[in-house]
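One structure is given here, and the rest of the page talks about it.
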Amino acid sequence: MKLPLIDQQGNAAGEIEADESVFGIEPNLAVVHQAVTAQRANARQGTASTLDRSGIRQASKKTGRQKGGGRARMGTPSSPTRIGGAVAHGPHPRSYRQRLPKRMRRLAIRSLLSQRASEGGVFVAAPDVVFGPRTAEMSSLCRAMGVERSALVVSDGVDEDLVRGTRNLPNIQAMPAQTLSSYLILTHDQVIMTEAAVRRCEALWGLNREGDGSA
Numbered sequence: 051m052k053l054p055l056i057d058q059q060g061n062a063a064g065e066i067e068a069d070e071s072v073f074g075i076e077p078n079l080a081v082v083h084q085a086v087t088a089q090r091a092n093a094r095q096g097t098a099s100t101l102d103r104s105g106i107r108q109a110s111k112k113t114g115r116q117k118g119g120g121r122a123r124m125g126t127p128s129s130p131t132r133i134g135g136a137v138a139h140g141p142h143p144r145s146y147r148q149r150l151p152k153r154m155r156r157l158a159i160r161s162l163l164s165q166r167a168s169e170g171g172v173f174v175a176a177p178d179v180v181f182g183p184r185t186a187e188m189s190s191l192c193r194a195m196g197v198e199r200s201a202l203v204v205s206d207g208v209d210e211d212l213v214r215g216t217r218n219l220p221n222i223q224a225m226p227a228q229t230l231s232s233y234l235i236l237t238h239d240q241v242i243m244t245e246a247a248v249r250r251c252e253a254l255w256g257l258n259r260e261g262d263g264s265a
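Numbering-wise (the working numbering), the sequence shown opens with residue 51 and increments by one.
Listed below in structure tokens is the structure:
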């Protein structure tokens, strides 16, 4: 399949060939859902903690006689119904980690890249496009390229100038192709890639990547 090339002024500058197995498959939305859910779960700290009745440092003696006081029956001060008492069924530190098979993670990324490409949301920066370190330059470049809401700018490896130029733009995020994730693609409307990043994605996730013919 072909991906559009965009020059510095946002004009069409031709097309490049891209791997059909990365940018042209039928999206598997069920796998995408699993991958994004797992990634968000793995980002949780899981440190929320509350005191149960065994953790409350209060006397365990009954606060008053059972009958004859004219009030409701009350037990220990650590009861969840009392002020300063324990929390009933509250959270405790735990791991929310989910493990997803490598093939499913790769399929989710390929599905989202293919979906964005089918929607016309994947652009390739022409070789003469310069990603400068200044925020104003990157802002005008993104506007020229037709970015309306949010965009992911993908390079092959870490591009310091690109990171510096986009870090103050709230809806633009620079990302190396090697650390691209399903959640990032899903939460950005458009994907702008360098040609080297396209080739890196094909090498990482394509069905014909070198040394591995698996999905």
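All C-beta atoms, glycine included, are put in the ideal place defined by N, C-alpha and C.
Since this is a predicted model, take the numbers as computed values, not measurements.
Unbroken beta strand (DSSP E) runs of length 3 or more, entirely within the segment 95 to 180: which are they?
Listed in chain order, the complete beta strand (DSSP E) runs (minimum 3 residues) inside the segment 95 to 180 are 172 to 175.
Please tell me whether Ala-63 and Leu-53 are closer than 7 Å, where the distance is taken between their beta carbons.
Contact: no.
Taking 8 Å as the limit between beta carbons, can you name the residues of its chain near Ser-110, skipping five residues before and five after?
Hits under 8 Å: Thr-126, Ser-128.
Tell me which same chain residues have a C-beta within less than 6 Å of the C-beta of Glu-70, skipping the five on either side of it?
If we look at Glu-70 and ignore the five residues flanking it on each side, its Cβ neighbours are Met-51.
Taking the alpha-carbon of Thr-97 as reference, which of Ala-80, Val-82, Ser-168, Pro-141 has the nearest alpha-carbon?
When each option's Cα is compared against that of Thr-97, the closest is Pro-141.
Can you find at least 3 beta carbon pairs, one from the segment 177 to 190 and one from the segment 146 to 161, that sit closer than 8 Å?
These segments do not touch.
Just to confirm the assignment: which complete alpha helix (DSSP H) runs, minimum length 4, are found wholly within the segment 234 to 262?
Within the segment 234 to 262, the complete alpha helix (DSSP H) runs of at least 4 residues are 245 to 255.
Flag this pair as yes or no: are the beta carbons of Thr-216 and Ala-224 separated by less than 7 Å?
The answer is yes: Cβ separation under 7 Å.
Report all residues from its chain with a CB closer than 7 Å to the CB of Ser-231; omit the five preceding and five following residues, and keep chain order.
Gln-89, listed in sequence order.
Starting from Leu-212, trace the beta strand (DSSP E) both ways and give me its first and last residue.
Premise fails: Leu-212 lies in the alpha helix (DSSP H), 210 to 216, not in any beta strand (DSSP E).
Taking only beta-carbon positions, decide if Ser-231 is within less than 7 Å of chain C.
Annotation note: the requested chain C is absent from the structure, which comprises a single protein chain.
Leaving out five residues on either side along the sequence, give the residues of the same chain with a beta carbon under 8 Å from the beta carbon of Tyr-146.
Once the five neighbours on either side are set aside, the close Cβ partners of Tyr-146 are Ala-91, Asn-92, Arg-94, Gly-96.
When you compare only the Cα positions, how much space is there between Thr-113 and Leu-101?
Using only the alpha carbons, I get a separation of about 20 Å.
Counting pairs of beta carbons, one from the segment 207 to 214 and one from the segment 168 to 176, are three or more of them closer than 8 Å?
The segment 207 to 214 vs the segment 168 to 176: no contact.
Should Gly-120 go down as buried or exposed, given a rule of 16 or more other Cβ atoms within 10 Å for buried?
Answer is exposed; the Cβ neighbour count stays below 16.
Out of Gln-240, Gly-105, Val-203, state which residue places its alpha-carbon closest to the alpha-carbon of Gly-135.
Residue Gly-105 is the option with its Cα nearest to Gly-135.
List the DSSP bridge partners of Ala-85.
Paired residues: none, contrary to the question.
To which residues does DSSP link Pro-226 through a beta bridge?
Note: Pro-226 sits in a beta bridge opposite Ser-205.
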